[in-house]
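Quick notes on the structure that follows.
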Amino acid sequence: ETGVTQTPRHLVMGMTNKKSLKCEQHLGHNAMYWYKQSAKKPLELMFVYNFKEQTENNSVPSRFSPECPNSSHLFLHLHTLQPEDSALYLCASSHTGPTEAFFGQGTRLTVV
Amino acid sequence: AQSVTQLDSHVSVSEGTPVLLRCNYSSSYSPSLFWYVQHPNKGLQLLLKYTSAATLVKGINGFEAEFKKSETSFHLTKPSAHMSDAAEYFCVVIGNEKLTFGTGTRLTIIP
């Protein structure tokens, strides 16, 4: 248990659906991250939030929409996804600045 | 700029034999270095970290890594492999930027 909780653990959605991934941390961190992990590809950083403000968006398609209402919660809203978006989505948190991150268990997303 | 290279995509060892997972890094700043482990369908767990203190770092589950500045390496070792060590291992570097991950090394343990 790392102190970072992701829900749901598994999600199957159609290409026309709208769903949201949730991440919650109780570690007192001020930075939160979304990563995408696809089979046979390096871990991809998607978004970074520091003190609730988005500080990085790595050219992620607009069908992925992040939301950070406070430093403890992070959401990833999904709509009109494609099959190639199927992956493990990992949330992480850290103290601000270059330091190690703590990861959640991930959400296994399958787009059908 | 910073980067990390994991030299082996897949390593297989017999149970009870030593483990060596290799990692080389590049950083314009004094780096912090980490190893993470990921078991199937799980998140990444911090195994150990180097942050400019002792160059030999001990982590969980009997793993350790040695920071060698002259070789820009941070290899992960364990004296005796256990079946539960089968997982994917990621080397990570931080210079003055965000975490940069290696491509991972899949460790297989042969009974």
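Chains A and B supply the protein sequences, listed in that same order. Sequential numbering from 3 applies to the first sequence in this note's numbering. Sequential numbering from 11 applies to the second sequence in this note's numbering. Yeah, the Cβ is synthetic: ideal placement off N, Cα and C, and Gly gets one too.
| field | Buried/exposed call for residue 107 of chain A, threshold 16 Cβ in 10 Å | value | Here residue 107 of chain A refers to the residue found at position 105 when the first sequence is read from its first residue. The residue in question, residue 107 of chain A, is buried, as its Cβ has 16 or more Cβ neighbours within 10 Å.
Thinking C-alpha only, which one of A:77, A:27 and A:82 is nearest residue 49 of chain A? Translated into the one-based positions of the first sequence, residue 49 of chain A becomes position 47. Comparing Cα-Cα distances from residue 49 of chain A to each of A:77, A:27 and A:82, the minimum goes to A:77.
Q. For residue 72 of chain B, which option in B:110, B:52 and B:28 has the closest C-alpha, if you only look at C-alpha atoms?
A. For the purposes of this step, residue 72 of chain B is identified with residue 62 of the second sequence, where counting begins at 1. Minimum Cα distance to residue 72 of chain B is reached at B:28.
**Request:** Report the three-state DSSP secondary structure of residue 86 of chain A (helix, strand or coil).
**Result:** Taking the first sequence and counting its residues from 1, the one referred to as residue 86 of chain A is at position 84. Helix at residue 86 of chain A.
Chain B contact for residue 89 of chain A (CB, 7 Å cutoff): Residue 89 of chain A sits at position 87 when you count from the first residue of the first sequence. With 7 Å as the cut-off, residue 89 of chain A does not count as an interface residue toward chain B.
- Message: Taking DSSP's pairing of strands, which residues face residue 92 of chain A in a bridge?
- Response: Here residue 92 of chain A is taken as the residue at index 90 of the first sequence, counted from 1. DSSP lists A:37 as partners of residue 92 of chain A.
Q. Does the Cβ-Cβ distance between residue 115 of chain B and residue 31 of chain B come in under 7 Å?
A. Here residue 115 of chain B is taken as the residue at index 105 of the second sequence, counted from 1. Here residue 31 of chain B is taken as the residue at index 21 of the second sequence, counted from 1. Cβ atoms of residue 115 of chain B and residue 31 of chain B: closer than 7 Å.
First and last residue of the beta strand (DSSP E) that includes residue 11 of chain A? Along the first sequence, one-based indexing puts residue 11 of chain A at 9. Where residue 11 of chain A is concerned, there is no enclosing beta strand (DSSP E), because DSSP gives it neither an H nor an E.
In the DSSP assignment, the beta strand (DSSP E) including residue 56 of chain A goes from what residue to what residue?
Numbered from 1 along the first sequence, position 54 holds the residue referred to as residue 56 of chain A. Taken as a continuous stretch (DSSP letters only), the beta strand (DSSP E) holding residue 56 of chain A covers 55 to 59.
ask   = Roughly how many angstroms lie between the CA atoms of residue 65 of chain A and residue 56 of chain A, to the nearest whole one?
value = Taking the first sequence and counting its residues from 1, the one referred to as residue 65 of chain A is at position 63. Taking the first sequence and counting its residues from 1, the one referred to as residue 56 of chain A is at position 54. Straight-line Cα distance between these residues: approximately 17 Å.
Per-residue contacts from residue 111 of chain B into chain A (C-beta, under 7 Å):
Here residue 111 of chain B corresponds to residue number 101 of the second sequence, with the count starting at 1. Per Cβ cutoff of 7 Å: 44 and 45.
Pick out the complete beta strand (DSSP E) segments inside the region 19 to 45 of chain B, 3 residues or longer, and give them in chain order.
The region 19 to 45 of chain B is shown to contain whole beta strand (DSSP E) runs of 3 or more residues at 20 to 24, 29 to 31 and 33 to 37, in chain order.
Q. So who's on the other strand from residue 110 of chain A, going by DSSP bridges?
A. Taking the first sequence and counting its residues from 1, one reaches residue 110 of chain A at position 108. According to DSSP, residue 110 of chain A bridges with A:12 and A:90.
Going by Cα to Cα distance, which pick from A:111, A:6, A:81 and A:39 is closest to residue 31 of chain A? Here residue 31 of chain A corresponds to residue number 29 of the first sequence, with the count starting at 1. Checked all of A:111, A:6, A:81 and A:39; the closest Cα to residue 31 of chain A is A:6.
- request: Within the same chain, show all residues whose beta-carbon is closer than 7 Å to that of residue 88 of chain A, passing over the 5 residues directly before and after it, in chain order.
  value: For the purposes of this step, residue 88 of chain A is taken as residue 86 along the first sequence, with counting starting at 1. For residue 88 of chain A, where only same-chain residues beyond five positions count, the Cβ hits under 7 Å are 111, 112 and 113.
Item to complete: Measure the beta-carbon distance from residue 94 of chain A to residue 51 of chain A and round it to whole angstroms, keeping in mind my assumption that it falls under 8 Å.
Response: Translated into the one-based positions of the first sequence, residue 94 of chain A becomes position 92. Translated into the one-based positions of the first sequence, residue 51 of chain A becomes position 49. The pair is not a contact, with the Cβ atoms about 11 Å apart (cut-off 8 Å).
Q. Looking at chain A, which residues of the region 21 to 41 of chain B have a Cβ within less than 7 Å of any of its Cβ atoms?
A. The residues in question: there are none.
**Message:** So, at 6 Å on beta carbons, what are the nonlocal neighbours of residue 60 of chain B in its own chain, with the 5 sequence-adjacent residues on each side left out?
**Reply:** Here residue 60 of chain B corresponds to residue number 50 of the second sequence, with the count starting at 1. Only 43, 67 and 77 meet the Cβ criterion.
Check: Between residue 67 of chain A and residue 79 of chain A, which are expected to be in contact by the criterion C-beta below 8 Å, what is the C-beta distance as a whole number of angstroms?
Finding: Against the first sequence, residue 67 of chain A aligns to sequence position 65. Against the first sequence, residue 79 of chain A aligns to sequence position 77. That pair is a contact at about 4 Å.
Expressed to the nearest angstrom, what Euclidean distance is found between the alpha-carbon atoms of residue 39 of chain B and residue 16 of chain B? One-based indexing of the second sequence puts residue 39 of chain B at position 29. One-based indexing of the second sequence puts residue 16 of chain B at position 6. Separation of residue 39 of chain B and residue 16 of chain B (C-alpha to C-alpha, rounded to the nearest whole angstrom) is 20 Å.
Check: Under the three-state reduction of DSSP, which class applies to residue 71 of chain B: helix, strand or coil?
Finding: Reading the second sequence from its first residue, position 61 is the one you call residue 71 of chain B. It is helical.
Q | Beta carbon proximity, residue 84 of chain B to chain A, threshold 7 Å | A | Locating residue 84 of chain B in the second sequence gives position 74, where the first residue counts as 1. Residue 84 of chain B does not count as touching chain A.
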